[in-house]
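Per my numbering, the sequence shown starts with residue -17, numbered consecutively.
Virtual Cβ for every residue (Gly too), placed ideally from N, Cα, C.
All of these numbers come straight from a predicted model, not from anything done at the bench.
Quick notes on the structure that follows.
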Amino acid sequence: MLRSVKAQDYMAGKLVTFLPEMDLFRALMVLREYKLSAAPVANADGDLVGLLSEVDGLRAILSQTYHEEEMGSGGKVEDYMSRDVDTIKHDADIISVSRTFIDKGRRCLPVVRAGKLIGMISRADVLRAVEDFANDG
């Protein structure tokens, strides 16, 4: 039964993450380099504190252009990241993960255990879980 398949079984554990104090433009270059639409932001203790997306980067560029600021001084990740982040618990079943993707309209979600970032799960990961389950049955 798919309810026995957990998020931690299909999440990506090796992540691109950012520290809040990282230079924004450097972080945006990393997103582009790895072809990511977003990446989690964690503090030095591994606590999830935000998510930086391409949209956040665009928002920063528009804000700086509007205020006629120099583009080279992009600020810090923490100045533009989204702080209200939807997450998935590590032991959530794939059915509830699917429901969250549908209800929230997200492409990927951080996976946490006791508030600590341990991975990311995407819609493609959920589909892979369903495919694996169907092939086993």
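By DSSP's criteria, residue i is part of a beta bridge. Which residues make up the other side?
i: L33; result: P22, S64
i: V93; result: I70, G101
i: K(-12); result: D75
i: A(-6); result: M102
i: F115; result: According to DSSP, which records beta bridges pairwise, F115 is partnered with nothing at all.
i: K58; result: D5
i: F0; result: V23
In whole angstroms, give me the CA-to-CA distance for residue i and residue j.
i: I6; j: C90; result: For clarity, residue 6 is Leu in the given sequence; the question names Ile instead. One C-alpha to the other measures close to 21 Å.
i: V12; j: S104; result: 19 Å
i: G97; j: A74; result: 14 Å
i: G101; j: H72; result: 8 Å
i: K17; j: D118; result: 32 Å
i: L40; j: S19; result: 12 Å
i: L44; j: D61; result: 14 Å
i: S(-14); j: R95; result: 18 Å
i: P2; j: R81; result: 30 Å
i: L(-3); j: N25; result: 14 Å
i: E113; j: F83; result: 17 Å
i: A42; j: E15; result: 19 Å
i: P92; j: P22; result: 7 Å
i: G57; j: G87; result: 28 Å
i: E36; j: Q46; result: 15 Å
Can you tell me the Cβ-Cβ gap for residue i and residue j, rounded? I've got them flagged as a contact below 8 Å.
i: F0; j: A9; result: 5 Å
i: A(-11); j: V79; result: 5 Å
i: M63; j: D38; result: 6 Å
i: L99; j: G28; result: 6 Å
i: D107; j: Y(-8); result: 4 Å
i: A116; j: I76; result: Incorrect: roughly 12 Å between the Cβ atoms, too far for contact.
Assess, as a yes-or-no matter, whether the region 61 to 74 is touched by the region 25 to 33 under the definition of 3 or more beta carbon pairs within less than 8 Å.
The region 25 to 33, when compared against the region 61 to 74, does touch it at the 8 Å Cβ threshold.
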